[in-house]
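Down below is the structure, laid out as structure tokens.
Residue numbers (UniProt numbering): 1 to 294.
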């Protein structure tokens, strides 16, 4: 019903877009300015996919006992991950690792064990900037996927006026697609509604935990990365990534994005943040909202 109400305002969207841009221009987080025909790829889509699959598989194995309903429908998936779990158990046998226990590691620990670093939300080092994102353990290599920008994905023709009011978390992609990364209010309600709409039995098509303090996918905090300043140069940049059709269905539960409407069969848009240089433990992540890689 909420989506139906918003669709009634679809025809008004374009007359309000200039107002939205002006409204958000005075906020620290803004719709990104993207010159036409610009590119944002500094690492390949294959590298992005490899990283996402690597950490999502690790999260899946770490929470193996919660997947039993899914395994009942996909026994071949269970066999595949049992093999991976057995290999992992053999490698860590000397450390006393118990692969049968539930939630052996928290998501940040899984991230560190898999990627060599972990990140978390905390108070920003910038004055009056609110929440920021920090590297809490290890270090981020240059060119590594360090975070994801979560939220509902809107095509250019879809209504987002109500969601945009007072909303500093709207991200603009190169092709005009918008991602609403707000985890509160109407934005939160829309995302939850779309997630329930797309769920197929035990198969979750997206991650909703980024809307809560207990994030299941530790990458999904990219909307809290602050804009750089004169004293704090950008150390990450945005890169768009369309999820391929062959993405494993059992791992879609960790994707922190969902399409507002599924009327058209288009790939799910994700935005990841890539390290521009090596980022050490304790450093805050900073992006540049108006700059992309040409």
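We put the beta carbon where it would ideally sit given N, CA and C, even for glycine.
Residue 69 CB to nearest heavy atom of the ligand MG below 7 Å = Ligands in the displayed structure: none, and consequently the ligand MG is not present.
Is the distance from the Cβ of residue 38 to the Cβ of residue 174 below 8 Å?
-> yes
Beta-bridge partners of residue 275, as assigned by DSSP | 236
Straight-line gap, residue 127 to residue 283 (C-alpha atoms, nearest Å) | 16 Å
Rounded Cβ spacing between residue 195 and residue 252 (contact assumed at less than 8 Å) = The pair is not a contact, with the Cβ atoms about 11 Å apart (cut-off 8 Å).
Whole alpha helix (DSSP H) runs in the stretch 142-223 with 4 or more residues, listed along the chain?
-> 161-164, 185-198
Exposed or buried, what is residue 27 when buried is set at 16 or more other beta-carbons lying within 10 Å of its beta-carbon?
-> Low confidence applies to residue 27: its pLDDT is 38, below 50, so where it sits in the model is not reliable, and the reading given next is rough at best. Result: exposed.
For residue 24, the three-state DSSP class (helix, strand or coil) | For residue 24, the predicted model reports a pLDDT of 36, less than 50, meaning its position is unreliable; a value from the coordinates is still stated below. Reduced to three states, the DSSP call for residue 24 is helix.
To which residues of the same chain is residue 285 closer than 6 Å at the C-beta, ignoring the five residues directly before and after it?
-> 133, 225, 236
Residue 153 at chain D interface by Cβ criterion, 8 Å | Absent from the structure is chain D; it holds one protein chain and no more.
Among 246, 270, 215, 279, which residue has its Cα nearest to the Cα of residue 109?
-> 215
Rounded C-alpha distance that separates residue 208 from residue 259 = 13 Å
Between residue 99 and residue 200, what straight-line distance do the alpha-carbon atoms span, to the nearest angstrom?
-> Only weak support exists for where residue 99 lies, its pLDDT of 45 falling under 50; the value from the coordinates is given anyway. Going by the C-alpha atoms only, they are around 28 Å apart.
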